[in-house]
Amino acid sequence: MSQENDHEWNNDNEYAVAPEKPDLKQPPKYRVIMLNDDYTPMDFVIEVLENLFGMGRERATRTMLQVHTEGSALCGIFTYEIAEAKVEQVNSYSQSHGHPLQCTMEEE
Numbered sequence: 131m132s133q134e135n136d137h138e139w140n141n142d143n144e145y146a147v148a149p150e151k152p153d154l155k156q157p158p159k160y161r162v163i164m165l166n167d168d169y170t171p172m173d174f175v176i177e178v179l180e181n182l183f184g185m186g187r188e189r190a191t192r193t194m195l196q197v198h199t200e201g202s203a204l205c206g207i208f209t210y211e212i213a214e215a216k217v218e219q220v221n222s223y224s225q226s227h228g229h230p231l232q233c234t235m236e237e238e
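Going left to right, the sequence shown walks through residues 131 to 238 as the numbering used here numbers them.
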């Protein structure tokens with residue numbers, strides 16, 4: 131055995147210590163809120179809730195009725211990037227179909 135290999139074995143008593151893991155925080159969440167208007171048909175709102183938020187027909191109908199009667203309703207809670215994308219999708223989709231339906235987001 132060469133001296134080079136002996137040197138490797140002499141370090142067996144040393145311990146490697148892993149660096150301390152940093153404290154990780156959950157990213158802030160944002161609420162996506164749909165706003166009422168007097169022009170967008172209820173069926174279109176249900177379509178948006180089903181297609182862009184993945185709601186079933188019953189939940190989408192309840193949410194649409196809440197928007198209609200209370201002026202706004204929660205569509206979902208997401209990270210910033212996803213919430214921002216959802217708001218943009220709703221606003222763009224509505225506008226492209228000639229409806230003034232709007233969504234907004236707020237930090238939870």
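Heads up, the beta-carbon is just placed ideally off N, CA and C, and yes, glycines get one too. In this text the structure is predicted, and so the values were computed from the model without any measurement.
Take the alpha-carbon of threonine 199 and the one of proline 152: they are about 46 Å apart.
In summary, isoleucine 207 is exposed, with fewer than 16 beta-carbon neighbours lying within 10 Å of its beta-carbon over all protein chains present.
Residue pairing by DSSP places phenylalanine 208 opposite Tyr160 in a beta bridge.
Nearest to lysine 216 by alpha-carbon distance, out of Lys155, Leu154, Phe183, Glu150, is Phe183. Classified as buried, tyrosine 160 has 16 or more neighbouring CB atoms from the shown chains inside 10 Å of its CB.
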